[in-house]
Amino acid sequence: MHSLKTLVGIIALVIAQANPCWPEVLFESRCADLQQWQVLDLNGDGSVAIVEDPTVPEGYGPDVFLLQGGEMFLFAKGIQFSEGTVLVLWKDHDPLSMDADGVIAFQADYGEDLSEAHNLKQHRHHFWIEQDGDEGFQLKEQVDNENSKARVDRAGIGLTQDSWNRNGWIWQKLSISDGRLRAKFWSSVVPEPEEWQIEVAQWEPRPGRAGLKLFSGKASAAYFAISNQDLTVIAPLLDMQVSPAICFSADLLRADLFINLPKALPDASLELTCSQSGAGEMVLLTENKNLPAGNSSLSFGGSKSPLKLPEALQPGPIHFTTTLRQLDGAVIHSASRTIELRSAAAMEEECRKMRQMASGIIHSATDPQDAVVLNAHSALAHLELLQKRLKQGQASEAEKSLAYAEEALDPAVSFMHYAIEKQKLSAASFVMGETYELTITLRKLTPSVIEPLKATLVLSDDLRASTPLTVSQDIQPEAWNEGAVNLAFRFRLPQEFPAGQTTPIKLPSIREGYHRLLFSLQNGSGETVWMDSEKPVGSDYKGTHELARIYVTQNPRDLLQLDYTAHADSKSGSIQATLRNCDNRTFSGSLILRLRTSSGTKIWTGVVPARIAAGETSRIDTPVPVMNWYGDLLLSADLFHQESLETCAEKSLHLAPPHPWKVTAFRGMKVDQNGDEYLTDIHIQVEGPDIQKATGHAVIRCNDRNYAIKRLDNLPGVTLIPVHAAMGTYLVTVTLLDGKGETATTEIPLVAHVFENREGNLFLNGEPFIVKGVNVHGMIPESPERNRHMMRFLKEIGFNMLRGDYPPVWEVDMAEEENLGWMVLAPFSVNSTDYFNKHYGPHAFAQMREVTRRFIRAYRDKPAVWLWNSCNEVTNEIEDFLVTLYPQYKQMDPAQRPVVYANLFGQDKSLGQDLMAVNYYFGIPQSATSRQPLIERSLAEARKAGLPCIFTEFNCWYGPVYSKGIEALRGIYEFGIDKGYAGGFLYLLAEDPDRHPAVIATRETLWTNPSYIAALHHAFDDAVVEHTGRSSESITLTVRNIRPYWLRKVRYHVDEGPGYSAAGQLGDIPPQSSANIILTAPPGTGDQFLSVDLQFETHQGLKSHVVKQVAVRE
């Protein structure tokens, strides 16, 4: 039995909780109505609702404010606050996906009349306490309409999703008195701490408005008060949380008790009961406890030891009560919570039906790449997420998953209303000043859609930097005939120097070279509409489509026709070309014809004399004598006059095999080590009638050398061919010989490199890999020559990867030539899914899946694409978005390259990706080390999900301050690698004013900061070189491999100016090992300063080098 004195103290505490005695309160709100408040919405998307919240702490609610939006204030009416205390009880609803960044605003320079600020969206001077899920606890200042800054930053402290936030509800307190400012926070179920997390010793109190500020996301508020004195919060003697608030399985229920006693309470009794209307009260458990003084907690239930709820409970509200008693039964205190139990049976049945439907679509499909099949895979992903949400009691989110799965399977979902049925262009190359014709037949895919349209034809240069020609015509609804409409464009190309021009021009009207003929449809609102197309282009892959790639020249010769015809015997064919001479003089020259595979392998070349009379055409029909190739081929024609190119054209062909045989090949998804060799497999499958009578062989080439030659004995069937791991493309050439001695050959390109996740670590071609990347976002798109120079410059520094938004394909091909990899970013970046829903309209996810499919098709055959970046810094329905996109990549990419989502600072989402990625910055007055606890937390989340982790962006946010950039390299990138990150991407290539330092100042000047470049080398270099020995005859330098992967084919060049140099080979250096360079001592005496250039390869083909300056003491 406890003493009477102890009980009296506890009873007094209970009375104090029920009747808190506040000092003089200037403003108080229980957040149950808005009569005391004024709302200022600065984004135009904000809302304030009064809702019931069953989780609100005892003594508050049940009504609370629910605030949602981009940036908004709730100001206390009639209050000018300068000194005293502000106190708020609040909750951050979604700290990981979209934290609220709140919540106390004060000294705000707004008057009582907010109409001007509302209409003009004015950001006036104010301060606020910002607490969130990524930065921590901060005092921030809105300096002017454009700029804000952190006055005090406690990075990583008070993150709203961390374990200190026991029940979701947080007290936040601001105190201004005696010329100083202080702020603190604590969980609502623990006593108020003595410590203030923010303290400013000198603060000027200035009258201004005060209230609540929401900077993003969603937050609730249950209590708000302003006083000219201190406000003290008394911790609850007993509080309880039962979760989840909406539950589909009683086995998942968990009860957490929070106890705050002024003195120890030995031999106490705790009783947990539940009740339901019509069922009475039922005791779930009774336990005797020795409760200590101060704060303590107890937990019951959960998946490991579920609460034994009565079987009689029905779906509906369940009321839980915890009672703290003396052993004699006297009640000391009790706490109650109500949750809702729902039946998952109906939802589970819907899941079963949809899963069955999706599986049926997938298994019966003849084309696994069909959009209907790919949508079925997304439906299964949504249903898997639904199961996870059911277990977590996320009822509304589970219903959302069900709706998205249903939409993915709904055949009535339609947004693709038009398609190009056929097209005919009057020429295969163009001459400036000449007139050409294009006819297009459009097919309406959705008969019910009736709308006026405008068809637009654009001739753009190959880089899409200029558009020398644009023509358009209207399509009225009545123009459609049986669902089709024929369009005829007749257009004249401009001259390089416009006719009638009397003064010099600044730019030519049109430039010589390849151009793209682009077509699009716009509706009555001017919005580009969806079309079914093989070659969509543009930032959203939605409505602009490439009809042809055409060479334009000022030379008065063009190609009107270029075709290939296969002969009936399938053993030969012929090429037809029609040439036109637009000049008044006879032309004599040569036409060079080439047939190649899509990868560039030469099949046949022919040179044909070309003679064309003035103003006439000439038809050439050239036989290709032996044509045993089939598949995707490229036909090209180049017309020369002596050594000068007159014009050219190219055409893609697809030739059917001479027999109904099907040859497929794919690369294995792992690399095995066999001694010093790293091997993967090429799988070749041959199918078809009478294939058992055939024989064949395969040749596998990569990087211009044979990797394997293998006889195909297992026909029909699959042949596995082990090959060395490599970077680049495996060219698999398969030749089959039928029973009559006839051959048929095809070539299949396969992306060579293999990425793997090995126990949460990123591997490339069988070895650990470190991303040394940079965000380029555009490179130098208007100049391929300067672009190549930039890539080589980046390669010299040590970068091995580039990241950017949907780069032009030629940039990706160039990166492959320069031994660099790309992470290509789809057009979903820095936006809420609310924006996507608004931008794409109804069925936004269905449209974004189609955008993703078109994005994948543009790059999936490119070996320079190493990583897919599905989206970047997306908020709101992010998990739904990630799982709907992810299956598109996994089903469409035969190389199975990792899919990455770039998490917004502190988001730490791991669904829908193979490689978790995070973006980290630090700004004024922060440091790189302030981010390190968050960096470690992100890595822990990745480890929990079993995923490797990289930085997709990192830097300082001080502007182009290079000392801070160096700090970011050391304190974020190198720190991350030391902890287990697989590297990452620096942000940015060129300086971003007011934001970041970069590799270069601008794309025009290419200026670099020497110290910053040195820091990049330090971060990226795979080896160090040290002087380890010297005699009168020799010098020993030790090369130390500091990485967990091999340095292979190591060569060195050492010099000390023009008087001394040496070169040689070291062979291969294993991980974390070293090799010695023995040099003949250079002539002369004294110290030497040697420059050592190491050239080597990593990961079976990734070239690298390190340059070190080594001092050699006498």
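With the first letter of the sequence shown counted as 1, position 597 gets the number 1717 in our numbering; the numbers rise by one all the way through. All C-beta atoms, glycine included, are put in the ideal place defined by N, C-alpha and C.
query	result
Per DSSP, the bridge partner or partners of cysteine 1768	Asp1758
Contact the segment 2194 to 2211 vs the segment 2175 to 2186: 3+ CB pairs below 8 Å	yes
Local conformation of lysine 1428 per DSSP, three classes	coil
Secondary structure of leucine 1209, DSSP reduced to three states	strand
Three CB pairs or more closer than 8 Å across the segment 1732 to 1747 and the segment 1707 to 1720	yes
Burial state of glycine 1398, where buried means 16 or more other Cβ atoms lie within 10 Å	exposed
Simplified DSSP state of cysteine 1141, which is helix, strand or coil	The predicted model places cysteine 1141 with a pLDDT of 44, which falls under 50 and marks its position as unreliable, so this point remains unresolved.
Top-ranked residue by Cα proximity to serine 1307, from Asp2013, Glu2061, Asp1298 and Leu1279	Leu1279
Which of helix, strand or coil DSSP assigns to glutamate 1862	coil
Endpoints, the beta strand (DSSP E) within which serine 1167 is located	1167 to 1172
Of the listed residues Leu1754, Met1402 and Ser1295, nearest to aspartate 1350 (C-alpha basis)	Ser1295
Three-state secondary structure assigned by DSSP to alanine 1321	coil
Same chain only: Cβ atoms within 6 Å of threonine 2049, ignoring 5 sequence neighbours per side	Gly2091
Distance between aspartate 1792 and glycine 1880 (C-alpha atoms, nearest Å)	17 Å
Chain-order list of residues whose beta-carbon lies under 7 Å from that of cysteine 1141 (same chain, five-residue window excluded)	At cysteine 1141 the pLDDT is 44, less than 50, meaning the model places this residue with poor confidence; the figure from the coordinates comes in the next sentence. Once the five neighbours on either side are set aside, cysteine 1141 has no close Cβ partner at all.
8 Å Cβ cutoff met for leucine 1067 and histidine 1817	Outside the displayed range of the chain (1121 to 2234) lies residue 1067, so it cannot be described from this structure.
Whole-number beta carbon distance between glutamate 1203 and serine 1347, since they are thought to touch under 8 Å	About 10 Å; that fails the 8 Å criterion.
Alanine 1734 beta carbon less than 8 Å from that of aspartate 1689	no
Residues near threonine 1559 by beta carbon distance below 8 Å, same chain, minus five either side	Gln1543, Lys1544, Asn1606, Leu1607, Ala1608 and Phe1609
Nearest neighbour of glutamine 1361, chosen from Ala1321, Arg1286 and Glu1391 [CA to CA]	Arg1286
Beta-carbon gap between threonine 1800 and arginine 1787 smaller than 8 Å	yes
Secondary structure of cysteine 1471, DSSP reduced to three states	helix
Of the listed residues Lys1211, Asp2141, Tyr2078 and Pro1780, nearest to proline 2113 (C-alpha basis)	Tyr2078
Counted within 10 angstroms of its Cβ, other Cβ atoms place tryptophan 1749 as buried (16 or more) or exposed	buried
Check whether glutamate 1312 and valine 1272 have beta carbons under 8 Å apart	no
Tryptophan 1988 and tyrosine 2009 closer than 8 Å at C-beta	yes
N- and C-terminal bounds of the beta strand (DSSP E) containing phenylalanine 1440	1436 to 1445
Isoleucine 1277 - DSSP class collapsed to helix/strand/coil	coil
DSSP bridge partner residues for methionine 1968 (one or two, in chain order)	Paired residues: none, contrary to the question.
Euclidean distance between Cα positions of alanine 1270 and lysine 1260	4 Å
Among Gly1331, Ser1498 and Ala1432, nearest to glutamate 1999 - alpha-carbon criterion	Ser1498
8 Å Cβ cutoff met for asparagine 2129 and tyrosine 2172	no
Residue from Leu1357, Arg1825, Leu1754 and Trp1781 whose Cα sits closest to the Cα of lysine 1771	Leu1754
Spatially closest choice to methionine 1192 from Leu1234, Ala1757, Gly1198 and Arg1472, by CA coordinates	Leu1234
Beta bridge counterpart(s) of methionine 2036 as assigned by DSSP	Tyr2021 and Cys2069
Limits of the beta strand (DSSP E) - the one that isoleucine 1900 falls within	Counting along the chain, isoleucine 1900 falls outside any beta strand (DSSP E), and DSSP gives it neither H nor E.
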